[in-house]
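A.B. asks:
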Amino acid sequence: MKIGVIGAGSWGTTIADMLALNGHDVTLWVYEADLCDRMRDRGENDLYLPGFALSKNIKFMNSLEDAVSGMEMVVSAAPAQVVRRVVSKAVPYISATTIIVSLSKGIEEGTLMLMSDLLKETLPKSLNKNLCFLSGPSFAKEVALKLPTAVVIASGNKEAAQKAQKVFSTPYFRIYTHDDVTGVELGGAVKNVIAIATGIADGLGFGYNSRAALITRGLAEIARLGAKMGANPLTFSGLAGLGDLVLTCTGELSRNRTVGYKIGKGATLKEVTDGMNMVAEGIATSKAVHYLSKKIGIEMPITEHVYKILYEGLPAKDAVINLMSRDLKREVE
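In this text, residue positions in the sequence shown follow the numbering used here: the first is 680, and each later residue adds one.
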């Protein structure tokens, strides 16, 4: 297929390379003009995926029009908070039959929209039936190393999901299809918030008991939000729920866990973000999920305390005391 990938971060670059190695005609849109030039010259993304030689079959473009025009599939790999802006600019060049695969994991600030709702609002109605959402436990570096990975592609259109499954599948990248778009998206978005909480606990030196408690109760928060929003509860026991949550909360490659870890060690959010060249989606998503939980009337205490630590200056140790001192009469396992 002719495939345009929007976004040359570590994940977008890895997926573009995998698709090119799978025999597809791939164009990768690179936001930074200087990075785009270097990628053309060197065949490497030295900013977001250093040390990996990329397929010579990838065309690197700094023009969105050139990256998506005439494509049979467009893969959106931009950070969640800029998806609306980027996709809006690409819309005039996307054909009505194109399959759209979203890789972004997050909830938009302000609107509190999942990427599925955002894309349905941004794209022409003719493309809504072609939307697919890829999620699951998948560090870009490990996929680039061709280590065995299993993920999920969710869509309300079974045919579109199966086409995407076939296009993305490799001997080391196994894909399952799913019809619960809301559940798959929520699992992928909110796990980043729980990973920040887990990182904070690790930074404070609280040990494995605390980590296990945060992961387990974090999953309960995600499932509670999902149930309120119409997701299938079983989705959260699968790859896009528990699988992605465990990976992001425990893996050393997790940007969101790293953010939390540094805050647990005493750094401010500004100090942490100033030292990063990649986006940790959980920072913005924690705010969005906090406001979403208030809007729809459900309790998400871990998310609430991550929000207060990041945006209201609540000391991390005080947050833990608050969590542990909550009224047990309200808690049912």
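The C-beta atom is built at its ideal place from N, Cα and C for all residues, glycine as well.
Predicted model only: the values in this text are computed from it and were never measured.
1) Kindly indicate which three-state DSSP category D704 falls into: helix, strand or coil?
2) Please return the same chain residues whose Cβ sits closer than 8 angstroms to the Cβ of N956, not counting the five positions on each side in sequence.
3) So is D923 buried or exposed if we call it buried at 16+ other beta carbons inside 10 Å?
4) On a CA-only basis, which of S748, D720, N741, P729 is nearest I682? Give me that one, please.
5) Nearest-angstrom Cα distance between M908 and E711?
6) Counting along the chain, where does the alpha helix (DSSP H) carrying L913 start and finish?
7) With DSSP collapsed to three states, give me the class of N724.
8) Measure the C-alpha to C-alpha separation of Y986 and I962 and round it to an integer number of angstroms.
9) Which two residues bound the contiguous alpha helix (DSSP H) that contains R853?
10) Hey, which unbroken runs of the alpha helix (DSSP H) at 4 residues or more fall wholly within the region 710-787?
11) Work out the CA separation of D796 and A695 for me, nearest whole Å.
12) In the structure shown, what three-state DSSP assignment does T947 receive?
13) If you drop the 5 nearest sequence neighbours on each side, which residues of the same chain put their C-beta closer than 7 angstroms to that of V872?
14) Thinking D859 and T914 are a contact (beta carbons under 8 angstroms), I'd like their distance in whole angstroms, please.
15) Could you tell me the alpha carbon to alpha carbon distance between L893 and A876, rounded to whole angstroms?
16) Pull up the DSSP beta-bridge partners for F812, would you.
C.D. replies: Let me spell this out:
1) strand
2) L726, Y727
3) buried
4) S748
5) 37 angstroms
6) First-last for L913: undefined, no H or E at that position.
7) strand
8) 8 angstroms
9) Taken as a continuous stretch (DSSP letters only), R853 belongs to no alpha helix (DSSP H), being part of the beta strand (DSSP E) at 852-857.
10) 712-721, 743-747, 762-769
11) 25 angstroms
12) coil
13) G961, T964, S965, V968, T982, V985
14) 5 angstroms
15) 7 angstroms
16) S781, A833
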